[in-house]
Amino acid sequence: MDKTKKNRQGFTLVELLVVVACTGLIAAIVMAGVVSQNKKARDANRRASLNHIKQALEMYHNDHGSYPVTQAYSIDHQTIPPGYAEAAWWSHQYCECYAPLHPTSGPNGYIPGLAPQYLSVLPIDPVAEDLSSCGFCYIYGSNGKDYKVSVYIEANETWSERMRDPFHDPARILWAIAVYTPGAFDW
């Protein structure tokens, strides 16, 4: 009997490690693509929602002669008019992800009085499932004459991509999209 021939049954440890490493690498590449596409899809949903809000706000303005007015923002017991401070603008006070404080319909909605007459309900951000995801929410501010609705985006885009986006927020170019009247562009 030849001693150089071995009866091999199974795989060596090195072969198993190579297979596991290749499988992990392929899974990582596929998952990165899936996550990126999910972010882009949620951002597309946000853009569509902003467009619906804009149309509803214009209908409201046609009927009432003004946009739904929000009160001044309250931060750390200070009253700050809408649009005067970044901290005020991103206050949770008018953020839909704090749904118990601001429902998605009626006079207490984050856009007061817009839903259900002009929209069935105000949109909720696709990732705002709980308070821990706050930051991904629709923010509305208005003095009656002008308004701005902003929301964070997830997809990483270049400066030139953001500048070509019709929804880019001039005050937050790289991380938010918005619809607004000319007087509120820099809020």
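Residue numbers (this note's numbering): -2 to 184. Glycine residues also receive a C-beta, built at the ideal position from the N, C-alpha and C atoms. Note that the structure is predicted; figures quoted are calculated from it, not measured.
- Non-local C-beta neighbours of P120 in its own chain, meaning closer than 6 Å and more than five positions away in sequence, comprise S46, ordered along the chain.
- Excluding residues up to 5 positions away in sequence, Y64, P65, L111, Y115 lie with their Cβ nearer than 7 Å to the Cβ of Y57 in the same chain.
- When the five nearest sequence neighbours on each side are left out, the beta carbons in the same chain lying within less than 6 Å of the beta carbon of V118 are those of T101, S102, A112, in order along the chain.
- Under DSSP, H165 shares a beta bridge with I174.
- DSSP places G138 inside the beta strand (DSSP E), whose first and last residues are 135 to 139.
- DSSP, reduced to helix, strand and coil, places K145 within a strand of the structure shown.
- The Cβ atoms of W172 and I150 lie closer than 8 Å to each other.
- The three-state secondary structure of N48, taken from DSSP, is helix.
- Closest in alpha carbon position to G180, among T20, K145, I50, is K145.
- Straight across, the Cα-Cα distance linking P167 with E158 is about 13 Å.
- Around the beta-carbon of I23, fewer than 16 other beta-carbon atoms lie within 10 Å, marking it exposed.
- Assignment of T20 by DSSP, reduced to helix, strand and coil, places it in the helix class.
- Going by C-alpha positions, Y107 is about 29 Å away from Q34.
- In this structure, K51 places its C-beta atom within 8 Å of the C-beta atom of V176.
- In the structure shown, E55 adopts helical secondary structure according to DSSP, grouped into three states.
- Residues P167, A168 of the same chain have their beta carbon placed closer than 7 Å to that of D183, with the five preceding and five following residues left out of the count.
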